[in-house]
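Undergrad: Supplied in structure tokens, the structure appears directly below.
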Amino acid sequence: MRAIILSLLAMVVLACESEIDVDLDESIPTLSVDAFINNMNQEQRIILYFSQPYFENNIYEPAAGASVVVTDITQGIDFTFEEKQDEPGTYSWLPPSENETFGSIGSSYSLSIEYDNVIYSASSAMNRAPTIDSIRFIEAIGPQADDDDYQAEFFALDFEGEGDTYWIKAYKNGDFLDEPAEINLAYDAGTSSGAAIDGDFFIVPVKLGINPDDTDESYVFGDNVGVEIHSITNDTFDYMTELAIQTDNEGGFSQLFAAPPSNLRTNIIASDSEMRVLGHFSVSAVSSQEQVFTQDVLRLD
Amino acid sequence: MDKIFAVFITFIITGNVYAQGKVALNGYVKDASNGEALIGATVLIKELGTGVVTNVYGFYSVTLPPGSYNVEYSYIGYFPVTRAVELSLDQRIDIELGASDTELEEVVVTAEAQDANVTDVQMSVARLDIKTISKMPALLGEVDVIKSIQLLPGVSTVGEGASGFNVRGGSVGQNLVLLDEAPVYNSSHLFGFFSVFNPDAVKDVQLFKGGIPSKYGGRISSILDVRMKEGNAKKFEANGGVGLIFSRLAVEAPIIEDKASFILAGRRSYIDVLAAPALDDASLYFYDLTGKINYNINEKNKIYLSGYLGRDVFNFDEDQGFSWGNQTATLRWNRLINNRIFFNLTGVYSNYDYELAFEQDDDNLFEWESHIETYNLKPEFTYFLNPKNEISFGGDLILYRFRPAEATAVSEGSGTDIGLDDKRGVEAAIYVGNKQTISSKLSTEYGIRLSSFRYIGATTVYEYEDVEPGIRPDVVSETEVGDGEVIEEFYNLEPRLSFRYQLNPFSSVKASYNRMAQYIHLVSNTTASIPLDVWTPSTNNIDPQVGNQFALGYFRNFGENQDYEFSVEGYFRSTQNELDYIDGADLLLNEFIEGEVLSGDGRAYGIEFYLKKNTGKFNGWLSYTLGRSELQVEGINKGDWYPNRFDQTHNLTLVGFYDYSDRISFSANFTFTTGTPTTFPTSRYEVQGYTLPHNDNQARNDVRIPNYHRLDLSMTLQGKKFNKNGKERKNRDYWTFGLYNIYARENPFSIYFAETDGQPSLGQGPDTQAYQFSVLGSIVPSISYNFKF
Numbered sequence: 234m235r236a237i238i239l240s241l242l243a244m245v246v247l248a249c250e251s252e253i254d255v256d257l258d259e260s261i262p263t264l265s266v267d268a269f270i271n272n273m274n275q276e277q278r279i280i281l282y283f284s285q286p287y288f289e290n291n292i293y294e295p296a297a298g299a300s301v302v303v304t305d306i307t308q309g310i311d312f313t314f315e316e317k318q319d320e321p322g323t324y325s326w327l328p329p330s331e332n333e334t335f336g337s338i339g340s341s342y343s344l345s346i347e348y349d350n351v352i353y354s355a356s357s358a359m360n361r362a363p364t365i366d367s368i369r370f371i372e373a374i375g376p377q378a379d380d381d382d383y384q385a386e387f388f389a390l391d392f393e394g395e396g397d398t399y400w401i402k403a404y405k406n407g408d409f410l411d412e413p414a415e416i417n418l419a420y421d422a423g424t425s426s427g428a429a430i431d432g433d434f435f436i437v438p439v440k441l442g443i444n445p446d447d448t449d450e451s452y453v454f455g456d457n458v459g460v461e462i463h464s465i466t467n468d469t470f471d472y473m474t475e476l477a478i479q480t481d482n483e484g485g486f487s488q489l490f491a492a493p494p495s496n497l498r499t500n501i502i503a504s505d506s507e508m509r510v511l512g513h514f515s516v517s518a519v520s521s522q523e524q525v526f527t528q529d530v531l532r533l534d
Numbered sequence: 004m005d006k007i008f009a010v011f012i013t014f015i016i017t018g019n020v021y022a023q024g025k026v027a028l029n030g031y032v033k034d035a036s037n038g039e040a041l042i043g044a045t046v047l048i049k050e051l052g053t054g055v056v057t058n059v060y061g062f063y064s065v066t067l068p069p070g071s072y073n074v075e076y077s078y079i080g081y082f083p084v085t086r087a088v089e090l091s092l093d094q095r096i097d098i099e100l101g102a103s104d105t106e107l108e109e110v111v112v113t114a115e116a117q118d119a120n121v122t123d124v125q126m127s128v129a130r131l132d133i134k135t136i137s138k139m140p141a142l143l144g145e146v147d148v149i150k151s152i153q154l155l156p157g158v159s160t161v162g163e164g165a166s167g168f169n170v171r172g173g174s175v176g177q178n179l180v181l182l183d184e185a186p187v188y189n190s191s192h193l194f195g196f197f198s199v200f201n202p203d204a205v206k207d208v209q210l211f212k213g214g215i216p217s218k219y220g221g222r223i224s225s226i227l228d229v230r231m232k233e234g235n236a237k238k239f240e241a242n243g244g245v246g247l248i249f250s251r252l253a254v255e256a257p258i259i260e261d262k263a264s265f266i267l268a269g270r271r272s273y274i275d276v277l278a279a280p281a282l283d284d285a286s287l288y289f290y291d292l293t294g295k296i297n298y299n300i301n302e303k304n305k306i307y308l309s310g311y312l313g314r315d316v317f318n319f320d321e322d323q324g325f326s327w328g329n330q331t332a333t334l335r336w337n338r339l340i341n342n343r344i345f346f347n348l349t350g351v352y353s354n355y356d357y358e359l360a361f362e363q364d365d366d367n368l369f370e371w372e373s374h375i376e377t378y379n380l381k382p383e384f385t386y387f388l389n390p391k392n393e394i395s396f397g398g399d400l401i402l403y404r405f406r407p408a409e410a411t412a413v414s415e416g417s418g419t420d421i422g423l424d425d426k427r428g429v430e431a432a433i434y435v436g437n438k439q440t441i442s443s444k445l446s447t448e449y450g451i452r453l454s455s456f457r458y459i460g461a462t463t464v465y466e467y468e469d470v471e472p473g474i475r476p477d478v479v480s481e482t483e484v485g486d487g488e489v490i491e492e493f494y495n496l497e498p499r500l501s502f503r504y505q506l507n508p509f510s511s512v513k514a515s516y517n518r519m520a521q522y523i524h525l526v527s528n529t530t531a532s533i534p535l536d537v538w539t540p541s542t543n544n545i546d547p548q549v550g551n552q553f554a555l556g557y558f559r560n561f562g563e564n565q566d567y568e569f570s571v572e573g574y575f576r577s578t579q580n581e582l583d584y585i586d587g588a589d590l591l592l593n594e595f596i597e598g599e600v601l602s603g604d605g606r607a608y609g610i611e612f613y614l615k616k617n618t619g620k621f622n623g624w625l626s627y628t629l630g631r632s633e634l635q636v637e638g639i640n641k642g643d644w645y646p647n648r649f650d651q652t653h654n655l656t657l658v659g660f661y662d663y664s665d666r667i668s669f670s671a672n673f674t675f676t677t678g679t680p681t682t683f684p685t686s687r688y689e690v691q692g693y694t695l696p697h698n699d700n701q702a703r704n705d706v707r708i709p710n711y712h713r714l715d716l717s718m719t720l721q722g723k724k725f726n727k728n729g730k731e732r733k734n735r736d737y738w739t740f741g742l743y744n745i746y747a748r749e750n751p752f753s754i755y756f757a758e759t760d761g762q763p764s765l766g767q768g769p770d771t772q773a774y775q776f777s778v779l780g781s782i783v784p785s786i787s788y789n790f791k792f
């Protein structure tokens with residue numbers, strides 16, 4: 234929405250943007266944890282590494298030799314994540330068989346990492362994820378839309394009961410739409426707790442939030458559109474909301490209305506309060522659906 | 004409190020005794036050409052060497068022992084008039100002053116007695132008349148009240164395109180902007196590029212930065228008091244102009260000569276008309292309509308009705324877009340209760356609203372509308388006790404109705420009301436003040452205001468859990484409160500005090516103190532304030548903001564005809580309960596907005612220099628402010644003080660006017676400000692493929708963007724005054740040519756950091772880059788044509 238308003242405005246005025254060099258304060262390499270795991274039938278990974286100076290684009294320095302355990306507190310089951318031989322710092326858990334997945338819906342989880350004699354711990358939960366009913370296509374709307382642009386929308390019913398939160402991920406021909414502007418979060422069927430829409434179909438803009446942000450990349454006939462609803466805790470919802478705010482720097486006039494830069498708050502706690510840690514631990518249940526864009530799934534008004 | 008009132012009553016009583024055997028001379032001072040009241044005109048009793056100035060309605064009253072006096076009436080840019088008055092009984096004298104015709108004569112006229120800078124007790128006031136405002140170089144040639152006051156000491160902005168203005172380190176929401184006494188909640192068109200005040204309808208602009216009189220309250224930083232013209236009471240007059248952004252037309256005329264007149268002024272942008280082919284179904288425009296009627300019922304009673312209606316519309320097509328606007332209405336009744344008591348009753352309605360709609364089809368849409376409505380009643384008495392005391396007292400009653408969201412989301416035909424509860428508040432205040440001349444050297448203005456606020460139902464009251472500041476708290480209880488029930492109440496006693504000590508006829512020292520309370524808050528965590536920002540009342544979770552300000556200044560006039568004025572003022576302001584926000588705050592359409600807010604302390608201090616040359620072919624001013632504005636909020640910046648987003652260490656402005664000939668004049672302004680603070684990351688890390696910036700020092704606003712500077716020029720070419728046959732033309736017109744940002748500096752508005760587009764090379768992570776955003780990256784030329792007949 235904001236982007237649309239601002240692109241209109243940009244016609245009016247003579248803004249400009251340039252790449253610049255700035256000096257930054259010294260960076261302190263800090264243990265970072267990327268621990269988003271789910272119940273899909275695939276390898277689950279937790280990555281430990283060290284942060285680096287902002288402008289460095291090296292591969293992050295891995296934090297090797299840690300012991301990583303995720304515990305299903307509700308059922309009292311430990312899942313040990315083993316460090317991969319060929320990828321130091323990457324700790325993985327593989328489903329023992331094709332039918333098995335990680336964890337179970339309704340359970341609470343804790344993460345425990347022992348690294349360099351410090352214990353880092355965090356908690357999360359695997360909440361329910363609604364089934365996706367269908368994915369359909371419509372003619373695109375909005376000021377930037379041309380006549381033959383199409384948009385995908387998905388239909389799913391949020392569960393009854395307030396407080397379900399989701400991260401909806403979209404894939405175009407198997408490629409994850411990974412732009413910060415494409416992060417699509419839902420609080421029940423709406424967008425925030427303060428304006429709750431419960432137990433309903435996901436509303437606009439959530440249900441349309443599975444389209445590429447760049448309209449030049451809009452879906453065309455033949456594209457395969459994949460949608461995954463990841464249930465997330467309210468805590469992870471807040472984290473992802475802030476992550477989207479802090480990374481979605483489109484520049485231009487949105488800079489007038491940008492929130493102040495601030496650090497993301499981690500949910501990981503170090504046993505030694507002197508030790509810093511970054512990152513987030515999240516456990517999700519996932520429901521997914523794919524649809525190839527054909528005339529059959531085009532909704533005409 | 005009782006003591007203070009007792010002192011006042013004593014003053015009034017003793018004053019009355021003292022005033023016995025005296026008579027009052029009063030009346031109105033007006034402009035002879037159009038009957039407009041002159042605000043701040045000087046009425047000097049030559050024999051006594053003392054005088055008074057006219058109030059905002061052009062009224063004056065002075066109490067004197069019976070006798071013969073020579074009374075001189077004067078005002079900047081007008082020929083002074085002296086009247087010999089034989090005063091034995093109360094007498095009314097209305098005076099009309101004739102404007103000096105040319106700029107050159109203006110010089111002669113204003114050369115004497117324009118020493119208000121030194122003699123007036125009021126300090127920290129910036130006043131601009133519309134004549135000065137209209138001469139300044141302006142962005143795209145559109146003369147602008149708010150852009151003009153930003154050129155005065157102590158007033159700043161975070162950059163082009165930002166709404167509002169900052170005064171002495173205060174935030175945009177801490178300014179009370181009044182248009183004919185009605186609060187204006189968003190003073191901008193097109194975000195912040197233009198202000199809502201139509202220069203054709205504005206008479207006078209006063210900005211109180213400190214030493215704020217007790218009749219004003221409600222915001223802790225400043226009061227911007229914009230007064231509208233009353234309308235030509237003598238003859239029909241039309242003013243208009245065609246610029247690049249707006250076209251303007253204002254008409255004014257007497258309805259009954261010298262008894263009733265009106266003004267109606269409108270502006271509309273026409274980008275949408277010019278860019279129609281590019282816009283398809285979209286519409287993009289803004290307009291405003293400003294009007295006023297006044298009626299002299301008789302010598303003792305006068306009424307004024309004024310209003311404003313404006314809107315910005317950004318529609319992408321028929322079904323979606325957004326719009327916002329203010330509506331205000333003011334009804335005023337002036338009454339002379341007797342020759343010494345002037346009474347004014349003002350009733351105000353003000354509404355600010357915005358609407359947002361996003362519609363896919365009838366079954367899938369999202370609509371949201373938000374309002375803040377204000378009803379305000381202000382009785383105000385001025386008691387001209389004697390030449391040494393002018394007492395004012397009155398009240399202020401404001402009813403607020405906050406309607407943050409009437410919103411509906413419809414998904415597949417099933418609609419959900421996602422609106423938020425209304426919130427209501429009642430702000431009530433009583434005040435009394437006195438302007439007292441203690442001796443020829445010492446004069447003072449002091450007063451006190453007792454203000455209160457009640458947060459009332461019907462609404463839902465939330466209590467939040469006590470958490471570490473900076474973390475979003477959960478709601479622990481929810482209570483429905485009935486209509487009119489008081490949920491929370493607050494009281495504040497706000498003393499105001501100003502002194503002036505005259506060192507000699509050319510210089511004086513002034514000091515002031517004021518305490519201000521603010522009960523409603525602009526909730527905004529973006530760099531620039533946006534039209535969708537919401538105002539929220541003080542509640543059981545949000546305390547009123549309170550500010551204390553001290554100022555000390557030295558004022559001096561010099562030069563052959565005292566044509567230079569100079570002042571230096573230092574100020575210190577400390578504030579409590581300033582708002583900041585938790586990280587990731589969700590401030591729009593959120594029922595639990597009180598949980599997103601943090602409260603902290605603020606402090607701002609600085610020194611302002613001002614040198615102005617009033618007269619001559621070449622005139623103008625130099626303004627420099629050295630200042631600092633900081634916040635301390637638990638949960639931000641490790642709890643240490645950090646500079647505000649709009650903090651500017653240095654702020655220098657140079658404004659010059661040069662009258663080259665009768666027809667051609669030039670103006671220029673130069674602005675330099677220190678870059679505003681921001682936060683840079685030190686490190687990066689990655690979560691789920693997203694590269695995240697991180698500041699290892701947990702700092703907020705510890706670095707600054709590059710300095711801002713800009714030079715603008717403009718030239719005004721007056722149309723010929725005479726026709727070819729030598730007759731004077733009835734119509735007047737002029738062209739204005741402007742060059743804004745003449746050396747095309749790319750002044751930064753912000754610096755931000757992001758991952759670059761494109762695939763990273765093998766064995767490397769994505770690139771990250773710093774970007775500088777400039778609102779204006781080039782020189783902006785402009786041309787406008789203005790006429791008057």
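The listed protein sequences correspond, in order, to chains F and A. Heads up: the first sequence begins at 234 in the numbering used here, then just goes up one per residue. Heads up: the second sequence begins at 4 in the numbering used here, then just goes up one per residue. Where is the CB? At the ideal position from N, CA and C, for every residue including glycine. Nothing here was measured: the structure is a model prediction, and the numbers come from that model.
What residues from chain F crowd round A/SER77, counting only those whose CB sits closer than 9 Å?
TA: By Cβ distance, chain F contributes nothing, its closest Cβ being about 44 Å from A/SER77, past 9 Å.
Undergrad: Kindly list, in the order they appear in chain A, the residues whose Cβ is closer than 8 Å to that of F/THR474.
TA: Within chain A, the residues near F/THR474 are GLY587 and ASP589.
Undergrad: With C-beta atoms as the reference, is F/ALA355 less than 7 Å away from F/PHE490?
TA: Their beta carbons are not under 7 Å apart, which means F/ALA355 does not touch F/PHE490 by this criterion.
Undergrad: From the DSSP secondary-structure annotation, give me the bridge partner or partners of A/ASN297.
TA: BP columns for A/ASN297 point to A/SER264 and A/TYR307.
Undergrad: Using DSSP with H/G/I as helix, E/B as strand and the rest coil, what is F/GLU415?
TA: Of the three classes helix, strand and coil, the one that applies to F/GLU415 here is helix, per DSSP.
Undergrad: If we count Cβ pairs, one from each stretch, closer than 8 Å, do we get three or more for the segment 238-246 of chain A versus the segment 292-300 of chain A?
TA: The answer is no - the segment 292-300 of chain A does not touch the segment 238-246 of chain A, with fewer than three Cβ pairs under 8 Å.
Undergrad: Taking the beta strand (DSSP E) that A/THR463 belongs to, which residues open and close that run?
TA: 462-467 is the extent of the beta strand (DSSP E) around A/THR463.
Undergrad: Can you round the beta-carbon distance between A/PRO534 and A/ASN189 to whole angstroms, since I take them to be within the 8 Å contact cut?
TA: Going by Cβ atoms, the distance from A/PRO534 to A/ASN189 rounds to 6 Å, so yes, they are a contact pair.
Undergrad: Considering only DSSP beta bridges, list what A/THR681 is partnered with.
TA: A/VAL706.
Undergrad: Mind checking if F/GLU507 is an interface residue toward chain A, Cβ cutoff 7 Å exclusive?
TA: Chain A, which has no Cβ nearer than 7 Å to the Cβ of F/GLU507, makes this no.
Undergrad: Could you tell me the boundaries of the alpha helix (DSSP H) in which F/ALA477 lies?
TA: Run containing F/ALA477: 467-480, per the alpha helix (DSSP H) assignment.
Undergrad: Look at the Cβ atom of A/ILE714, then the Cβ atom of A/PHE673, and state whether they are nearer than 7 Å.
TA: The amino acid occupying residue 714 of chain A in the given sequence is Leu; Ile does not appear at that position. Yes; because the gap between Cβ atoms is below 7 Å, this pair is in contact.
Undergrad: List the whole-angstrom C-beta distance separating A/LYS218 from A/GLY397, where the pair is believed to meet the contact cut-off of C-beta under 8 Å.
TA: Their Cβ separation, rounded to whole angstroms, is 6 Å, which keeps A/LYS218 and A/GLY397 in contact under 8 Å.
Undergrad: For the beta strand (DSSP E) containing A/SER151, list its first residue and its last residue.
TA: It is not in any beta strand (DSSP E) - A/SER151 instead sits in the alpha helix (DSSP H) that spans 148-152.
Undergrad: Alpha carbon to alpha carbon, what distance is there between F/ALA373 and F/VAL519?
TA: So the two alpha carbons sit approximately 28 Å from each other.
Undergrad: With A/SER515 as the anchor, note down where its beta strand (DSSP E) starts and where it stops.
TA: Here the beta strand (DSSP E) through A/SER515 covers 510-521.
Undergrad: Mapping DSSP to helix, strand and coil, what is A/VAL537?
TA: In the structure shown, A/VAL537 sits in a strand (DSSP, three-state: E or B).
Undergrad: According to a CB-to-CB cut-off of less than 9 Å, which residues of the segment 660-684 of chain A neighbour chain F?
TA: Against chain F - using a Cβ distance shorter than 9 Å - the residues of the segment 660-684 of chain A are THR681, THR682, PHE683 and PRO684.
Undergrad: Just the chain A side, please: which residues come within less than 8 Å of F/TYR293 by C-beta, in chain order?
TA: Within 8 Å Cβ-Cβ: TYR688, GLU689 and GLY768.
Undergrad: Ignoring anything shorter than 3 residues, give me the beta strand (DSSP E) runs that lie fully in the segment 407-438 of chain A, in order along the chain.
TA: Entirely contained in the segment 407-438 of chain A, the beta strand (DSSP E) runs reaching 3 residues are, in chain order, 417-420.
Undergrad: Name, in chain order, the residues that DSSP records as bridge partners for A/LYS615.
TA: A/GLU568 and A/TRP624.
Undergrad: Give the straight-line distance between the Cα atoms of A/ASN19 and A/LYS25, rounded to the nearest whole angstrom.
TA: Residue placement at A/ASN19 is poorly supported in this model, since its pLDDT is 46, which falls under 50; the coordinates are not used for a value here.
Undergrad: Give me the Cα-Cα distance between A/LYS150 and A/SER166, rounded to the nearest whole angstrom.
TA: Between A/LYS150 and A/SER166, the C-alpha separation is close to 10 Å.
Undergrad: Could you name the residues of the segment 253-266 of chain A whose beta carbon sits closer than 7 Å to any beta carbon of chain F, in the order they occur along the chain?
TA: Listed in sequence order: no entries.
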